[in-house]
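S.K.: Here's a structure for you.
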Amino acid sequence: MVKAVVLGAAGGIGQPLSLLLKLNEVVTELALYDIVNSPGVAADLSHINTPAKVTGYLPPPKDAKNAPNDGLKNALTNAHLVVIPAGVPRKPGMTRDDLFKINAGIVRDLATGIAQYSPDAYVLVISNPVNSTVPIIAEVLKKHGVFNPKRVFGVTTLDIVRASTFTSSVSGADPRKVRVPVVGGHSGVTIIPLLSQISPPHSYTQDEIELLTQRIQFGGDEVVKAKDGAGSATLSMAQAGARFASSILNATVRGESGIIEPSYVCLDADSVGGKQVKNDVNGLDYFSSNIELGKNGVEKIHPLGNLSEYEKNLLEAAIPELKANISKGISFVADGSKF
17 MVKAVVLGAA GGIGQPLSLL LKLNEVVTEL ALYDIVNSPG VAADLSHINT
67 PAKVTGYLPP PKDAKNAPND GLKNALTNAH LVVIPAGVPR KPGMTRDDLF
117 KINAGIVRDL ATGIAQYSPD AYVLVISNPV NSTVPIIAEV LKKHGVFNPK
167 RVFGVTTLDI VRASTFTSSV SGADPRKVRV PVVGGHSGVT IIPLLSQISP
217 PHSYTQDEIE LLTQRIQFGG DEVVKAKDGA GSATLSMAQA GARFASSILN
267 ATVRGESGII EPSYVCLDAD SVGGKQVKND VNGLDYFSSN IELGKNGVEK
317 IHPLGNLSEY EKNLLEAAIP ELKANISKGI SFVADGSKF
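Laid out in structure tokens, this is it:
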């Protein structure tokens, strides 16, 4: 049995992500949890003729004070994979601070459930700001004595997907075959596309590099603006999340080797590779790099490789921002979260 869980399954990312997981042949059970509508989403998906059995769960009613959250417990029990798109999307004019204030508490509470009911699950974090929410989840799991850095991932795959698409629009290459390493974090200036390492190789002008970098870093703003305040990147994020989930399942269930995906992880997940990256990023504890996946999650953290002068400057600008984001997540848990 391979049980996948989506926490925040009724939202703009959660619904298409749940659909894509229902279509994944490795998944035999799909549990959907949200504060509203998850049973309806589950009923809808359950009619699709793939093997995965779908169930939907809700928290207790608001008037049931101090009632245990059996919905979250039942959703998470025996989970192999937990994907978290829960929280509010970014809206026009909303700062990362605004987003943090809302989503940090949601993520903390869900992490507490994971610690209690599925401590061995692979946890994929989509809820923004990822630079801070991944440390929040790690700190909660640490408090419960169940943190395994090899099993907690910040999903940065959308940055890779965008990089492939945007660079191909300039080079004319097939976007499906283009790989651009994107390292750092998952917001604005912390997103560092390494265009000097693009595969297959392509030589861009400096103007093209700067324009592409800006677009990859702030691609989410294009979608927010185009949706005219009605939402953020949901469909592309769902596809990116499902792609990363599929890679995790192929590595941990099917035992496939050589799977490399970018992800924002605790660098302690690989004592050798993580230490090397940590030395390159002024001792940050969390950073996104190419990750080789294995049967236990993080198998190897790949080095950043040779950076151009422009990329070195991008890294220098990203480090203080990342440091602040990480500290913010850690402090949120340390400063009186409920357990």
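For what it's worth, our numbering labels the leading residue of the sequence shown as 17, then goes sequentially.
Using N, Cα and C, we set each Cβ at its ideal position, and we do this for glycine too.
(1) Could you say if the region 302-322 and the region 256-275 meet the contact criterion of at least three C-beta pairs nearer than 8 angstroms?
(2) Secondary structure at leucine 36, three-state DSSP: helix, strand or coil?
(3) Quick one: grab the DSSP three-state call for serine 279.
(4) Please state the DSSP three-state secondary structure of serine 272.
(5) Give me whichever residues DSSP pairs with glutamate 41 in a beta bridge.
(6) Which runs of the beta strand (DSSP E) at least 3 residues long sit entirely within the region 103-162? Give them in chain order.
(7) Taking 7 angstroms as the cut-off, decide whether the C-beta atoms of glycine 72 and leucine 88 are in contact.
(8) Identify whether glutamine 31 lies in helix, strand or coil by the three-state DSSP scheme.
(9) Tell me, to the nearest whole angstrom, how far the beta carbon of aspartate 296 is from that of isoleucine 317; I am working on the premise that it is less than 8 angstroms.
(10) Buried or exposed: where does threonine 149 fall if 16 or more other Cβ atoms within 10 Å of its Cβ makes it buried?
(11) Buried or exposed: alanine 102, going by 16 or more other Cβ atoms within 10 Å of its Cβ?
(12) Spatial neighbours of valine 239 within its chain, please: C-beta separation below 7 angstroms, excluding the five flanking residues on both sides.
(13) Quick one: residues in its chain with C-beta nearer than 7 angstroms to the C-beta of glutamate 224, no 5 flanking neighbours on either side, listed in chain order?
(14) Name the one or two DSSP bridge partners that isoleucine 317 has.
(15) Starting from isoleucine 176 and walking both ways along the alpha helix (DSSP H), at which residues does that stretch end?
(16) Look up threonine 206 in the DSSP assignment and say whether it is helix, strand or coil.
(17) Starting from valine 240, trace the alpha helix (DSSP H) both ways and give me its first and last residue.
(18) Since proline 78 is in the alpha helix (DSSP H), which residue starts that stretch and which ends it?
(19) If we count the other Cβ atoms within 10 Å of its Cβ and call it buried at 16 or more, is arginine 192 buried or exposed?
(20) Confirm, please, whether the CB-CB distance from glutamate 45 to valine 349 is below 7 angstroms.
M.R.: Reading off the structure:
(1) yes
(2) helix
(3) strand
(4) Note that residue 272 is glutamate in the sequence shown here, rather than serine. DSSP places glutamate 272 in the coil class of the three-state scheme, outside both helix and strand.
(5) DSSP output for glutamate 41 lists no bridge partner at all.
(6) As for any beta strand (DSSP E) of minimum length 3 sitting wholly inside the region 103-162, the runs are 138-141, ordered along the chain.
(7) no
(8) helix
(9) The pair is not a contact, with the Cβ atoms about 11 angstroms apart (cut-off 8 angstroms).
(10) buried
(11) buried
(12) So the qualifying residues of the chain are Ser248, Ala249.
(13) Val186
(14) Beta-bridge analysis with DSSP links isoleucine 317 to Ile307.
(15) Note, isoleucine 176: alpha helix (DSSP H), 173-187.
(16) helix
(17) 235-242
(18) Before going further, note that residue 78 is lysine rather than proline in the sequence given. No alpha helix (DSSP H) contains lysine 78, which DSSP labels as neither H nor E.
(19) exposed
(20) no
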